[in-house]
Structures are given as C-alpha cells and as structure tokens.
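Numbering (full-length UniProt numbering), first residue to last: 1 to 434. Each residue gets a CB set at the ideal place from its N, CA and C atoms; glycine is no exception. Being a predicted model, the structure only gives us computed values, none of them experimental.
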Ligand code: SAH
Ligand code: SF4
Ligand code: F3S
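Below, the structure is given as structure tokens:
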C-alpha cells in the first residue's frame, strides 16, 4: 500500500504531515512517487487566508481521477480547513472518504479501516480529545536528515481578530518536557544536528503547565548532540527577558528570531488585539540586540487590515526601516469567516492592498540589498544540509541565510567555518576556512 500527502500551510502543518507519514509507515504504507500511484491520498489543508482554501478544491478535482484507475483508492482531507468546514466540506466535495484534523491525527488507523469497509470516515471534533498525546508515540518521516522540527505545543490562546488558528487548532496545549526530550534524543540518535521547536506561539510554551519557555530551551540544549536550536513562532508579548537571557546564554541557540509584528500603527495593532504597541515591539528588538550579539530578524506583516489608512501603513514601512528584517513575509489581509475582523467596517479595497504591498516589497528589496552586502567578507558558521553538482555544499548560517561552499571533502551534516566571498539577496558564496 502506498500513500501520497499534499501539504499546505505553516511549519506546524508540515510537521503534522511528517508525523502522519510516520504513522502510515507504522501501518505498513510506503510513500508513493506520485498521487497517481497511491492507494491513499491525503491533503493536509490550511485556511489562514482565502487562497489556500481554493487550492484544496482544485486539487480534489484532480485527485478524484485516481478512482477511475483504482476504485479502492481513498481520498482524505485533514488539517485546518477540515476543522473549520467540517461536514460542509464533504457536501462540497463528496469524493472525500476520510476527514480529520490536527486534534485527532492519532485516530487515523481506525479511520482508514472504516473507509476501507466502505463507510465515510469523518471525525471532526469540537474539542481536542483526552488521548491526543498518543500522537507522540508515532515517529516522523523527514526529508532533511540534519534539521528537524519538533512540535512543542498545539493550539493558540491569543485572539488576534483576523486569525482562524485558535478555532482550527484549539486552546493552547503545551507538550510535556519529558515527551519533547524523548523525541529530541531520538532525533539526535538518528543524526539530527539542528532542532527547530514549533508552535503557533512557542514563547508562551509552559504557561498552561506551570513552566516557562526558557526552561525548555535549557533542557533541550542539555541533550548531547544538539548543535543548533531554533524556534518558531515567537509572539512579542510573551517574549520576556528570561527567554532572551536563555537565548544569549545557550551556545546552541542561533542568532535569529522570527518575530511577527503584523502592523506598525498602534491603532491597527489594537484593533488586531495583538497586545503590544509599536514602541513596545521596538523595545523587544532592542533587548534582543543587547543580549544576543549579531542577532537577525524575520517577521510577518499584514497589509490592508480593515480601516488601515495611508498614515497607518506608513508606520508599517517605518518599522521595516528601523528594524531591517532579513526576511519579511507579507500578506494582504484576507477576511476569514467567524473572526471579529471579518465584520469590521471599512474593509480596504483590494487595489489599495495591492498598491501598498508593492511599496512594501520595493522597500524591503532595497533593505535586503544592503543587508546582503554587509555579509561580504564576514566569517560565518554553516550547517551543511545538501549538496549540488558533487562539490557545492549548501547550508544555513546561524543567522538563517542560505550559503554555499565548494569542497572536495564531504561536508554533509557538518558545521563548518566559512568566509563570505559574494552575497546576493537570497544566497551567498563562501570559502571554506580550516
Ligand atoms: N502564530 C503566528 C502566526 C500564524 S499565521 C503569530 O502569531 O505570529 C501566519 C501569518 O499569517 C500571520 O503571522 C499573519 O501575518 C498571517 N495571517 C494570519 N491571518 C491572516 C489573515 N486573515 N489575512 C492575512 N494574513 C493573515
Ligand atoms: Fe493567530 Fe494571533 Fe494565535 Fe498567531 S498568535 S496563531 S496570529 S491568534
Ligand atoms: Fe494554516 Fe492552520 Fe497553519 S490555518 S497557517 S495550517 S495553523
């Protein structure tokens, strides 16, 4: 039996798919090269904006053809759109045999059995079930042998007014430190060097189980063989001095943080219910720079939130100029059903969103050009993840930039010191140092 999984959305969805692959492998399934060869096709969906919703239905239109060749083949939909739409999704796409969400991935074995017996196996729950931690008993199947994601919390307790995640992923549930460390040790034993802790709001990890994210960082760093630690996503509100101090003290924590600010205008931040002002965000950036020497930043921004004026938008541009992010993920505001912002007055017309987005991208392009230049001649450390053309080794710097280095010796999986010779916006060429 073979499976094929198509994944949309964030790293958490990506890691869920890695876990689903591990579960299916445990059941005796192998990965198919293409969907045409699969006995089970799964789409792990995202519903953060309108666009990913549409993609799911166009993919289902394509995948349904599998049943002409292989009438026993099963088609499943999981993830955030499944959770949000529930039965409505099956009504719209009757070809779906199996449906579940991030709440109950561990129930997939039973769902497959039910679907094989000819029933519709739809399991969309209102609340996460008591036994959801069973999920961690399954391994993950990963493409990258050296860098691994580890989900440390599920759900989100924030209530950003534009966002569907608290609805699709439920309340914040921190995974226990024992369960996390067990997985980290297993990964290191398999050759993983870099551990990337994941959660919608990792900096709030522990708050619901009487612990603190800094504690988790120290404990993960104590595991023998962990050479690098990253985490995503941090929320500015929960990023406190204890966490920043841990980042500075722990040698393995990389000098980079993804810290979404979403908007520069205090009025818009308030309407979004983000829980900080522009000034407070900038203070967090200053604290990070002070403690963690050489730290770099990336962020998420929403353009055209309801009522956003030209002056509001200029505050966003101003923040980009002040912080100089190495990466900016910018999104046009997309109204999501059942969120408070959906019914706010004064939605911004699409032409204005597009025009503001272009200006933002233009500005960021020039900032990134400057940043890229500043890397030339510097010494960096790379964790080599892949190789091209036999001798071109590719890895990431601790500051999260892609770089390549030529070597006759095999550098895969190694942390090497390099000097940057040429630096472009999205890549760098380096020279190996002895
Ligand atoms: N938990 C993370 C973000 C998760 S969603 C955080 O709070 O930072 C990833 C990004 O999608 C968000 O940071 C936001 O920039 C964007 N996003 C979320 N909802 C959106 C919406 N309705 N329209 C446009 N962008 C949105
Ligand atoms: Fe959504 Fe806000 Fe939670 Fe991020 S912190 S997942 S944007 S509600
Ligand atoms: Fe999308 Fe769900 Fe992630 S809505 S961004 S897959 S949490």
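Check, Outcome
"Separation of residue 329 from residue 260, as counted between CA atoms", "9 Å"
"Straight-line Cα distance separating residue 312 from residue 360", "13 Å"
"At least three beta-carbon pairs within less than 8 Å, the stretch 327–347 to the stretch 278–292", "no"
"Spatially closest choice to residue 290 from 238, 319, 245, 310, by CA coordinates", "245"
"Cα-Cα separation between residue 183 and residue 28, rounded to whole angstroms", "22 Å"
"Beta-carbon contacts of residue 136 that lie in its chain and below 6 Å, excluding the five residues immediately before and after", "179"
"Residue of 23, 40, 12 minimising C-alpha distance to residue 5", "40"
"Selected residue, minimal CA-CA separation from residue 221, among 247, 202, 232, 120", "247"
"Counterpart residues of residue 328 in DSSP-defined beta bridges", "299"
"Test item: CB-CB of residue 292 and residue 252 under 7 Å", "no"
"Sufficient close CB pairs (3 or more, under 8 Å) joining the stretch 14–29 to the stretch 55–62", "no"
"Delimiting residues of the beta strand (DSSP E) encompassing residue 385", "379–388"
"Contact test: residue 163 Cβ vs ligand 3 heavy atom, cutoff 6 Å", "no"
"Whole-angstrom distance between residue 80 and residue 123, CA atom to CA atom", "13 Å"
"Status (buried if at least 16 other CB within 10 Å, exposed otherwise) for residue 269", "buried"
"Close beta carbons around residue 89, own chain, < 8 Å, minus the five adjacent residues each side", "77, 81, 82, 96, 99"
"Residue 472 (DSSP reduced to helix, strand or coil)", "The structure shown does not extend to residue 472, since the chain spans only 1 to 434, so no value can be given for it."
"beta-carbon residue 160 near ligand 3 non-hydrogen atom, thresh 6 Å", "no"
"CB-CB length for residue 398 against residue 255, believed under 8 Å", "5 Å"
"Identity of the residue in 73, 357, 262, 107 nearest residue 319 by Cα", "262"
"Burial state of residue 212 (16 or more Cβ within 10 Å)", "buried"
"Close beta carbons around residue 371, own chain, < 7 Å, minus the five adjacent residues each side", "324, 326"
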